[in-house]
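In my numbering, the protein residues as written are 30 to 253.
Have a look at the structure below, then the notes.
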């Protein structure tokens, strides 16, 4: 993965989803999570995709309300210009997927796995992502707001214009992260791994001291 310029410049906010004004109720016989399926301008209300497997699935201009993806498997799929509200992604396995201009609100990503995924103009807010795995992912124009992320794994990922606000990142892993224009605002950064890879990020609030202690620990410094 190419390494971006390391600088702490201003962070751009994610672009909002271009959601159509009129959406039709989804019909699973036509709009299910299936291989090579393309769905547009529908609402999934309380739909269960638990345990489903899909490759090359595409959703555009859709709304997912209370949808359940727990234990599902998605590969080489894309969701764009969509809103995902109070969804359950726990233990989802999503490889080489893309989220573009999406808002993920009040949703649970606990234990989900997103390998080599792309997140562009995505806002995660008021959800949970403890122990989620985001290895070798690309983040551009992404905001995490009020999301507990204990033990989250961002190793070998790439971040441009990413902002974390009021997030608990205790035990998060950042080894080999490539960071450009990344900010942590009022976040908990206790016992993070790979702290040296956060060179160039901006930290506002108490997390700055916590991060300094993690850097010292990695350098073998002992305080008495």
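Heads up, the beta-carbon is just placed ideally off N, CA and C, and yes, glycines get one too.
Remember, predicted model here, so these are calculated numbers, not experimental data.
- Checking the DSSP bridge columns, you'll see residue 54 partnered with 72.
- The distance from the Cβ of residue 92 to that of residue 109 is about 13 Å, inconsistent with a contact at the 8 Å cut-off.
- In this structure, residue 84 sits near residue 105, with a CB-CB distance shorter than 7 Å.
- Distance between residue 62 and residue 219, taken at the CA atoms: about 38 Å.
- Within the same chain, 97 come within 6 Å of residue 77 by CB-CB distance, once the 5 residues on both sides are set aside.
- Bridge pairing for residue 113: 93, 133 [DSSP].
- The beta carbons of residue 183 and residue 153 sit about 13 Å from each other, so the pair does not count as a contact at 8 Å.
- Scanning 133, 126, 102, 103 for the CA closest to the CA of residue 114 turns up 133.
- Between residue 141 and residue 199, the alpha-carbon positions lie close to 17 Å from each other.
- The Cβ-Cβ distance between residue 121 and residue 101 falls below 7 Å.
- When the Cα atoms are used, residue 185 and residue 167 turn out to be separated by approximately 9 Å.
- For secondary structure counted as the beta strand (DSSP E) over 3 or more consecutive residues, the region 196 to 242 holds these complete runs in sequence order: 207 to 214, 231 to 233.
- Between the alpha carbons of residue 117 and residue 75 lies a gap of roughly 10 Å.
- Residue state for residue 192 is assigned as strand, using DSSP reduced to three classes.
- Residue 156 is a Cβ neighbour of residue 136, given a cutoff of 7 Å.
- Using a 10 angstroms sphere on the CB of residue 64, the tally of other CB atoms stays under 16, which defines it as exposed.
- For residue 60, the secondary structure class from DSSP, reduced to helix, strand or coil, is helix.
- Rounded to whole angstroms, the gap between the alpha carbons of residue 86 and residue 123 is 11 Å.
- Judged by beta-carbon spacing, residue 111 lies beyond the 7 Å limit of residue 81, meaning their Cβ atoms are not closer than that value.
- In this structure, residue 73 places its C-beta atom within 7 Å of the C-beta atom of residue 55.
- Around residue 161, the same chain offers 138, 141, 181 as residues with beta carbons nearer than 6 Å, after the five sequence neighbours per side are excluded.
- If you check the CB distance, residue 223 and residue 202 come in under 7 Å.
- Of the candidates 192, 179, 177, 165, the residue whose Cα lies closest to the Cα of residue 171 is 192.
- Closest option to residue 169, judged by alpha-carbon separation, among 205, 231, 211: 211.
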